[in-house]
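Novice: Chains as they are written, first to last, in the working numbering: chain A, 1 to 333; chain B, 1001 to 1333. Note that the Cβ used here is the ideal one computed from N, Cα and C, for glycine as well. Every value quoted in this text rests on a predicted model; they were computed, and no experiment measured them. Let me begin by handing over the structure; questions about it come next.
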């Protein structure tokens, strides 16, 4: 039996279909529809699951269930996603699991997008040799997840917010409204805001020229990588600042948790790769209470597919009793 | 069957004898001998266990085992304590479990002093209603422990070093040799060093007068409490600074771990009690990502006996097979 995972992001919907071993045997990637609100996004996710099953050359009848990794606040039991500011018209609470289950005829599990990505790295990626890891995912924001005894530690539901560990009291402004959080230095949104402030103050950079050449409206991870390649001083300085903050926060987290490894992922983390992880390790070392037992700092191994793969792993690999599925629709439509 | 716990500190040895329910039924407290090195300390622990059993009106034959909570680095399997700078002549590795087992004829379990204290608070004290807590113990230094699913999370052996989370980059000097750690603001040793620096710079305080009147050579928790009672400005300022740092570090830890409660213990934490815990909660709130789900911040409930009680709980409440005990001595000597 197959499981499908959906990584729901503000710019793209990525689906992976995995077999019993967690190997990806089919996938689909489309732009997140911006014009039809939450119903348009849900329809697109349903169609993408079907397309990924086609890509896997599998019949819909062999689909055991779908996991969805989503941003915002997840209510797993209610099957809803709330306050997902990066998704179109998604500031309120939207029922996601119910409509998808109705359309696909299989159970749908919701989970936090970063946490499924961390779990995928733990089970199948860079964290595989370890039973305890800290995942730090740098994208638009900075999210994270803690794996302890091979299991995600969720706390009261919100554990893993490494992006809002305070690295500098009264420091840089964070998109969360506070100051000095890790995300204020290492999240793309905050880094772009700082770059724009510096340009307003007359500082020079090629970041925005590169952005325009790539026909983007935001400083994407590819824009940052390109600017670094070209030796842009502002880009270098802002990445140095991100590395400094990541090193501090990771050191505090390791002194507290003493996990075996830190996995650096997310769009920016994956794009900058192993050298970035290595620099974070160097920045972390001076603040570790046990420097001789420094944990590994690794770049995420599953890349863009990690979120969708991790979402698929949320589906229990057992056949659910038929009564648990609210509506059985024609799976061959 | 009874279990004994020893809280081994630089100034005192506290022993508790507990019954099957963990209720303390006998105790003994003596000053840590300073003049005969590790052998003198081990002899004193052995005699204190005997005295506490007498206090419990119990025969030594009913003693199931002894737990020892010690500072420094613990090697549980080897039964050794290393680098315990607060203990006399204890900078190297000292065998503790073996000699005590030989003298007492029962198994001896070693553990970290703060962690047994946190576990006692979790099982029998302020943390009892919760399955996940963060313990923050402010004494000479700042130690801690994480309880997850009712069990101590040890990481690779060194988890819980909340005192070395960084609260201010390049901040105040910490006894660990780094800068800006929580302990640099909220540990008594660092607070005293800062008070002495301020006095050298001509600042006034009654802290050292109070210390001399109490015939102490260090600013003990009682000295700090007395100075606060008398409205000493420097004491107030340094305690405010400790509260600020504890609030920041606890907020970062909660954003990461999302445990149900924070328990503030240790000599200084217990002495300043619930009002201190309440102030730490207020200082923590502005930095929490989910302010509406702020965890409880509680003062440790077991006080001075927490460490010894927690050490006793380290002994498995089952009769060990006789072969596991290396040497059986006359228990009635």
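Spell out whether any CB of chain B is found under 8 Å from the CB atom of residue 160 (chain A).
Specialist: Numbered from 1 along the first chain, position 160 holds the residue referred to as residue 160 (chain A). With 8 Å as the cut-off, residue 160 (chain A) counts as an interface residue toward chain B.
Novice: Which first and last residues belong to the beta strand (DSSP E) in which residue 7 (chain A) is found?
Specialist: As a working note, residue 7 (chain A) is residue 7 in the first chain. Segment 2 to 8, the beta strand (DSSP E) holding residue 7 (chain A).
Novice: Could you tell me the alpha carbon to alpha carbon distance between residue 217 (chain A) and residue 271 (chain A), rounded to whole angstroms?
Specialist: Your numbering for residue 217 (chain A) matches position 217 in the first chain. Your numbering for residue 271 (chain A) matches position 271 in the first chain. If you take the alpha carbons of residue 217 (chain A) and residue 271 (chain A), they lie about 18 Å apart.
Novice: Going along the chain, which residues of its own chain have a beta-carbon closer than 8 Å to the beta-carbon of residue 1329 (chain B), five neighbours each way excluded?
Specialist: Looking up residue 1329 (chain B) in the second chain gives position 329. Bear in mind that a pLDDT of 44 at residue 1329 (chain B), under 50, signals an unreliable position, so the model cannot answer this.
Novice: Just to make sure I have the definition right: I need the residues of chain D whose C-beta is within less than 8 Å of the C-beta of residue 111 (chain A). Which are they?
Specialist: This model lacks chain D altogether, as its protein chains are A and B.
Novice: Taking C-alpha atoms, which residue in A:65, A:36, A:67, A:83 lies nearest to residue 73 (chain A)?
Specialist: The count along the first chain starts at 1 and reaches residue 73 (chain A) at position 73. Minimum Cα distance to residue 73 (chain A) is reached at A:83.
Novice: Are the segment 272 to 283 of chain A and the segment 232 to 245 of chain A in contact at 8 Å, needing three or more beta carbon pairs?
Specialist: Enough Cβ pairs lie closer than 8 Å, so yes.
Novice: Taking C-beta pairs closer than 7 Å, name the residues in chain A that residue 1255 (chain B) reaches, listed in chain order.
Specialist: Here residue 1255 (chain B) refers to the residue found at position 255 when the second chain is read from its first residue. By Cβ distance, chain A contributes 161, 164, 165.
Novice: Quick check on DSSP: helix, strand or coil for residue 124 (chain A)?
Specialist: Here the question's residue 124 (chain A) lines up with position 124 in the first chain. Correct three-state label for residue 124 (chain A): helix.
Novice: Against chain B, does residue 293 (chain A) count as a neighbour if the rule is that its beta carbon must be under 8 Å from one of theirs?
Specialist: Reading the first chain from its first residue, position 293 is the one you call residue 293 (chain A). Taking Cβ atoms only, chain B reaches closer than 8 Å to residue 293 (chain A), which makes this a yes.
Novice: Whose CA, out of A:138, A:31, A:146, lies closest to the CA of residue 159 (chain A)?
Specialist: Counting from one through the first chain, the residue named residue 159 (chain A) turns up at place 159. Cα-wise, what sits closest to residue 159 (chain A) is A:146.
Novice: Below 8 Å on C-beta distance, what does residue 342 (chain A) contact in chain B?
Specialist: Lying before the first or after the last residue shown, residue 342 (chain A) is absent from chain A, which here runs from 1 to 333.
Novice: Using the Cα positions of residue 25 (chain A) and residue 304 (chain A), report the straight-line distance between them to the nearest angstrom.
Specialist: The residue labelled residue 25 (chain A) in the question sits at position 25 within the first chain. The residue labelled residue 304 (chain A) in the question sits at position 304 within the first chain. So the two alpha carbons sit approximately 15 Å from each other.
Novice: Which residues does DSSP list as the beta-bridge partners of residue 28 (chain A)?
Specialist: By 1-based counting over the first chain, the position of residue 28 (chain A) is 28. In the DSSP output, where bridge partners are listed per residue, residue 28 (chain A) has A:15.
Novice: Determine the DSSP secondary structure at residue 1303 (chain B), reduced to helix, strand or coil.
Specialist: Counting from one through the second chain, the residue named residue 1303 (chain B) turns up at place 303. Helix, per DSSP.
Novice: Got a sec: is the Cβ-Cβ distance from residue 1281 (chain B) to anything in chain A below 8 Å?
Specialist: Taking the first residue of the second chain as 1, we reach residue 1281 (chain B) at position 281. It does not; no Cβ of chain A falls within 8 Å.
Novice: What first and last residue would you give for the alpha helix (DSSP H) that runs through residue 1267 (chain B)?
Specialist: On the second chain, residue 1267 (chain B) is found 267 positions in, with the first residue counted as 1. 1266 to 1284 is the span of the alpha helix (DSSP H), which, as asked, contains residue 1267 (chain B).
Novice: Starting from residue 207 (chain A), follow the alpha helix (DSSP H) in both directions and report where the run begins and ends.
Specialist: The residue given as residue 207 (chain A) occupies position 207 in the first chain. That run of the alpha helix (DSSP H) goes 207 to 213.
Novice: Where residue 301 (chain A) and residue 1015 (chain B) are concerned, what is the direct C-alpha to C-alpha distance, given to the nearest angstrom?
Specialist: Locating residue 301 (chain A) in the first chain gives position 301, counting from the first residue. Locating residue 1015 (chain B) in the second chain gives position 15, counting from the first residue. Approximately 51 Å between the Cα atoms of the pair.
Novice: Judging by CA-CA distance, which residue of A:13, A:181, A:95 is the nearest neighbour of residue 48 (chain A)?
Specialist: Residue 48 (chain A) sits at position 48 when you count from the first residue of the first chain. Checked all of A:13, A:181, A:95; the closest Cα to residue 48 (chain A) is A:13.
Novice: Are the C-beta atoms of residue 1237 (chain B) and some chain A residue less than 8 Å apart?
Specialist: The residue you call residue 1237 (chain B) lines up with position 237 of the second chain. False, the Cβ-Cβ gap to chain A never drops below 8 Å.
Novice: Who are the Cβ neighbours of residue 179 (chain A) in its own chain at under 7 Å, not counting the five residues just before and after it?
Specialist: Residue 179 (chain A) sits at position 179 when you count from the first residue of the first chain. Closer than 7 Å at Cβ, skipping near neighbours: 170, 171, 172, 173.
Novice: Pick out whichever of B:1029, B:1079, B:1229, B:1089 has its Cα sitting closest to the Cα of residue 1039 (chain B).
Specialist: Within the second chain, numbered from 1, the residue matching residue 1039 (chain B) stands at position 39. The shortest C-alpha separation from residue 1039 (chain B) is found at B:1089.
Novice: Quick check on residue 327 (chain A) - is its C-beta less than 8 Å from some C-beta in chain B?
Specialist: Numbered from its first residue, the first chain carries residue 327 (chain A) at position 327. Only weak support exists for where residue 327 (chain A) lies, its pLDDT of 45 falling under 50; the coordinates are left without a value.
Novice: In chain A, which residues lie with their C-beta within 9 Å of the C-beta of residue 1258 (chain B)?
Specialist: Locating residue 1258 (chain B) in the second chain gives position 258, where the first residue counts as 1. Under the 9 Å cutoff, chain A gives 153, 154, 155, 156, 157, 158, 159, 160, 161.
Novice: Hey, residue 246 (chain A) and residue 136 (chain A) are a contact pair by Cβ (cut 8 Å); roughly how many whole angstroms apart?
Specialist: What you label residue 246 (chain A) is simply residue 246 of the first chain in a count that begins at 1. What you label residue 136 (chain A) is simply residue 136 of the first chain in a count that begins at 1. Indeed they touch by this definition, with Cβ atoms about 7 Å apart.
Novice: In whole angstroms, what is the alpha-carbon distance linking residue 192 (chain A) and residue 203 (chain A)?
Specialist: If you number the first chain from 1, residue 192 (chain A) lands on position 192. If you number the first chain from 1, residue 203 (chain A) lands on position 203. In a straight line, the C-alpha of residue 192 (chain A) is about 14 Å away from that of residue 203 (chain A).
Novice: On a Cα-Cα basis, can you pick out the residue from B:1070, B:1163, B:1123 that is closest to residue 1142 (chain B)?
Specialist: In the second chain, residue 1142 (chain B) corresponds to position 142, counting from 1. The shortest Cα separation from residue 1142 (chain B) among B:1070, B:1163, B:1123 belongs to B:1163.
Novice: How should residue 109 (chain A) be labelled, buried or exposed, when 16 other C-beta atoms within 10 angstroms of its C-beta is the threshold for buried?
Specialist: Within the first chain, numbered from 1, the residue matching residue 109 (chain A) stands at position 109. By the neighbour-count rule (16 or more Cβ atoms within 10 Å), residue 109 (chain A) is buried.
Novice: Under 9 Å Cβ-Cβ, which residues of chain B neighbour residue 210 (chain A)?
Specialist: Your numbering for residue 210 (chain A) matches position 210 in the first chain. Result: empty, since nearest Cβ-Cβ is about 31 Å, beyond 9 Å.
Novice: Determine, for residue 175 (chain A), whether the minimum Cβ-Cβ distance to residues of chain B falls below 8 Å.
Specialist: Position 175 of the first chain, counted from the start, is the residue given in the question as residue 175 (chain A). Output row for residue 175 (chain A): interface = no.
Novice: Along chain B, in chain order, which residues have C-beta atoms closer than 9 Å to that of residue 241 (chain A)?
Specialist: Working through the first chain from its first residue, we reach residue 241 (chain A) at position 241. Those within 9 Å of residue 241 (chain A) in chain B number zero; the least Cβ separation is about 12 Å.
Novice: I'd like to know whether the C-beta atoms of residue 310 (chain A) and residue 116 (chain A) end up nearer to each other than 8 Å.
Specialist: If you number the first chain from 1, residue 310 (chain A) lands on position 310. If you number the first chain from 1, residue 116 (chain A) lands on position 116. It is a contact, given that the beta carbons lie within the stated cut-off.
Novice: How many angstroms separate the CA atom of residue 1297 (chain B) from the CA atom of residue 1011 (chain B)?
Specialist: By one-based count along the second chain, residue 1297 (chain B) stands at place 297. By one-based count along the second chain, residue 1011 (chain B) stands at place 11. The alpha-carbon atoms of residue 1297 (chain B) and residue 1011 (chain B) are separated by roughly 28 Å.
Novice: What three-state label does DSSP hand residue 333 (chain A) in the structure shown?
Specialist: Working through the first chain from its first residue, we reach residue 333 (chain A) at position 333. Legend: pLDDT at residue 333 (chain A) = 40, less than 50; position of this residue unreliable, no value from coordinates given.
Novice: Would you tell me roughly how many angstroms separate the C-alpha atoms of residue 1251 (chain B) and residue 1228 (chain B), rounded to the nearest one?
Specialist: Translated into positions along the second chain, residue 1251 (chain B) becomes position 251. Translated into positions along the second chain, residue 1228 (chain B) becomes position 228. One C-alpha to the other measures close to 25 Å.
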